[in-house]
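This report concerns only the one structure given below.
Spelled out as structure tokens, the structure:
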């Protein structure tokens, strides 16, 4: 929820109740907000609290068991092969996904900003994938990267002897033993990253393009007059000015990738040896297939913490800035 | 926009909240007083043959009970994965459907019955004289402590090995009866460049399904059943031996198994890309209905190695939940479901065999007739992969362990994990 900003000019017209008495402006504001506040309190924070409470119980079958389990569910998760794999996959996926989206998005935006012909067309083409749901994207890319159909047929025709098996690959590079699992980059995740990047790099481009359009030409001109080359203008003038956009991009893409579920379900499922599994999928299966409600709640809480770690610093810095104004 | 606007929006927001509360409050009173003029049937039968079967069954019911309206609440999704989640939500919200599809065995007894959410149906069984019309081992699967909780409508067999007849004939391979036969045939086919065994474990249960047929073959029905009562430990040397065989079988599978679901794997056999596939006999429905293949001409079948005389049973049953709105109407539906006519209407379309011993075999195809005979004379064993043998929690745990095992192949670690999951689930 974004805090509602009060108009700083303060030119709200006075108004009167039907009986003619004056009503405090604050009160009306509060009343107006009350419905959504109540809804948010119950449906967001109430349910978060409920999930948190369930995660400390022993409710791991269809029969609710409210006995206190302490950290049992959490400890079990962190010692669990599947969950350790999930954490590795989430971190790898998030880093690759955000990095590639940003690089591609920024490059496209800078190129489009050159006011080339047919910019409209390109912009639309790049943004279109965003209009699809992850389920659709997942199904399509699942076909493309299917090791026995899809792109491998094409590679075979080209004479590639041993085409990659894409998301069926169980290798993890460099595969250092770490806890129960091998740490590193699961090769099977790369096709999933490609699919996610395909869907959201256009959006990243749009964000950067908006940012670029917001930079007045005078600044660039001034830099050029001072003798800066195009590359220098980009690196030392434009990129620093785009920092707020980058931050927003990281926040938006980051929370999508930490909570990703639909793309993985449609495209690969948990994968052999859980090379493409993510906490969201595990949460769903633990809760709704295994009836491990407490376990599922614990996974959900951990996901919430991960997203909070990403978002809270941003919100805090935003609030500070607002306070400074 | 002045004062008026603010007031209007205030009123609107408040109104919104009030209406929301009002709706929330009125639903239970509106619906709960069932008048037994309706019956809501909850299932995951939305596939081609099964949906046709359900509709035919509903039609039969409507003919006999014209005054009762049927509400078909089917939730799509293979093996009921989505439906089960939807059902759990409704049951826990005390809004049960009048009757719902549930696999006999643990899926019924260790969950809904254990939670005290089901009505016993002994009275209905007495009244209809069903006790000797269903095999007693089957009634045991839907009973707990002498109380019967649901009515089985069909039987699927899990331990079936499907093979491509043409490939077998061309290569002079006989359908394998033992594991030795299997490996011999597989080696022979592999040399010719044919994938011996098709597997599609994108959905984790299919690998578990293969494993349980190996366990049954290696252990025999008595020992297999003892695994789930806890009389035989999951890290017993015999289990390890079976897991070793399972591991060896995996070396004969297609490389891209993790990208395929069970239909894709069955299709490999249908197309001649692979020679064999282990799957429940819903695969027959897929072969004949979806792929238009002829049984015993395009594809053949045998029990999976060393399981002749055993029948891995997967049975769909319907019960009566506590708090159902129309219990009397539901009982009328269950009567039709358990009748010879009902079972012979539903099963030929669904591709399964009837749960009753006195159904009419003439209504079934070649495979069906053979299976009806086998069902009468085999030891029944509950399927683990389909939730009949052990609680859902253990099944998901096993699926996870199997999924890792398929890649890692560490037998000791695997049986150790299984044992841990079993202990947790039985706690």
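Protein chains in written order, with UniProt numbering: chain A, 1 to 325; chain B, 1 to 427. The beta carbon of each residue, even a glycine, is placed where N, CA and C say it ideally should be.
Of all Cβ atoms in chain A, is any one closer than 8 angstroms to the Cβ of residue 422 of chain B?
no
Are the beta-carbon atoms of residue 257 of chain A and residue 83 of chain A separated by less than 8 angstroms?
no
Could you tell me if residue 11 of chain B is buried or exposed, where buried requires 16 or more neighbouring beta carbons within 10 angstroms of its beta carbon?
Its pLDDT being 47, under 50, residue 11 of chain B is placed unreliably by the model, and the measurement read from it follows with that caveat. Residue 11 of chain B comes out exposed.
Of all Cβ atoms in chain A, is any one closer than 8 angstroms to the Cβ of residue 27 of chain B?
Note that residue 27 of chain B scores a pLDDT of 38, beneath 50, so its modelled location is shaky; the value from the coordinates is reported in the next line. Not an interface residue.
Locate the beta strand (DSSP E) running through residue 185 of chain A, then write down its first and last residues.
181-186
Any beta-carbon of chain A closer than 8 angstroms to the one on residue 212 of chain B?
no
Using a Cβ cut-off of 8 angstroms, pull out every chain B residue sitting near residue 286 of chain A, in sequence order please.
396
Close Cβ partners of residue 401 of chain B (< 8 angstroms) along its chain, the five nearest in sequence each way excluded:
414, 417, 418 and 421
Does the beta carbon of residue 197 of chain A sit closer than 8 angstroms to a beta carbon anywhere in chain B?
no
Coarse secondary structure for residue 36 of chain A, derived from DSSP in three states:
helix
Spatial distance of residue 398 of chain B from residue 31 of chain A (CA atoms):
53 angstroms
In terms of alpha-carbon separation, which member of B/271, B/94 and B/304 lies closest to residue 195 of chain B?
B/271
Who are the near neighbours of residue 52 of chain B in its chain, counting only those whose CB is closer than 7 angstroms to its CB and skipping five residues on each side?
349
Note down, in chain order, all residues in the segment 33-54 of chain A with a beta-carbon under 9 angstroms from any beta-carbon belonging to chain B.
33, 34, 35, 36, 38 and 39
Going by DSSP, what residues sit across from residue 150 of chain B in a beta bridge?
B/319
Residue 267 of chain A and residue 192 of chain A closer than 8 angstroms at C-beta:
yes
Short of 6 angstroms in beta carbon distance, which residues of its chain neighbour residue 326 of chain A, apart from the five on each side in sequence? Order them along the chain.
As shown, chain A starts at 1 and ends at 325. That puts residue 326 of chain A outside it, with no answer to give.
Going along chain A in order, which residues have a C-beta closer than 9 angstroms to the C-beta of residue 44 of chain B?
Result: empty, since nearest Cβ-Cβ is about 13 angstroms, beyond 9 angstroms.
Among A/278, A/48, A/279 and A/296, whose alpha-carbon lies nearest the alpha-carbon of residue 286 of chain A?
A/296
Member of B/426, B/407, B/423 and B/392 whose CA lies at the smallest distance from the CA of residue 107 of chain B:
B/392
Please classify residue 267 of chain B as buried or exposed, where buried requires at least 16 other C-beta atoms within 10 Å of its C-beta.
buried
Checking contacts by CB at 8 angstroms: is residue 406 of chain B closer than that to chain E?
The structure shown has no chain E; the protein chains it does contain are A and B.
Let me make sure I understand the geometry here. Which of B/295, B/359 and B/321 has the alpha-carbon closest to that of residue 114 of chain B?
B/321
Express the C-alpha separation of residue 236 of chain A and residue 14 of chain A in angstroms, rounding to a whole number.
Annotation note: pLDDT 49 at residue 14 of chain A (below 50); position unreliable, coordinate value reported separately. Those two C-alpha atoms are separated by around 50 angstroms.
Would you call the CB atoms of residue 227 of chain B and residue 312 of chain B closer than 8 angstroms?
no
Quick check: what's the CA-CA separation for residue 171 of chain A versus residue 387 of chain B?
32 angstroms
Where residue 163 of chain B falls: helix, strand or coil (DSSP)
strand
From this set, B/259, B/63 and B/88, which residue's C-alpha is nearest residue 61 of chain A's C-alpha?
B/88
Excluding the 5 residues flanking residue 134 of chain A on each side, which residues of the same chain have their C-beta closer than 6 angstroms to its C-beta?
262 and 263
Under the three-state reduction of DSSP, which class applies to residue 313 of chain A: helix, strand or coil?
helix
Between residue 94 of chain B and residue 327 of chain B, what straight-line distance do the alpha-carbon atoms span, to the nearest angstrom?
15 angstroms
Within its chain, find whatever has a CB closer than 6 angstroms to the CB of residue 188 of chain A; leave out the 5 residues flanking it on each side and keep chain order.
167, 169, 271, 275 and 276
First through last residue of the alpha helix (DSSP H) which encompasses residue 122 of chain B
122-128
For residue 154 of chain A, is the classification buried or exposed, using 16 other Cβ atoms within 10 angstroms of its Cβ as the cut-off for buried?
exposed
Determine contact between the segment 119-137 of chain A and the segment 217-229 of chain A, defined as no fewer than three beta-carbon pairs at a distance below 8 angstroms.
no
Using a Cβ-Cβ cut-off of 8 angstroms, state whether residue 383 of chain B counts as contacting chain A.
no
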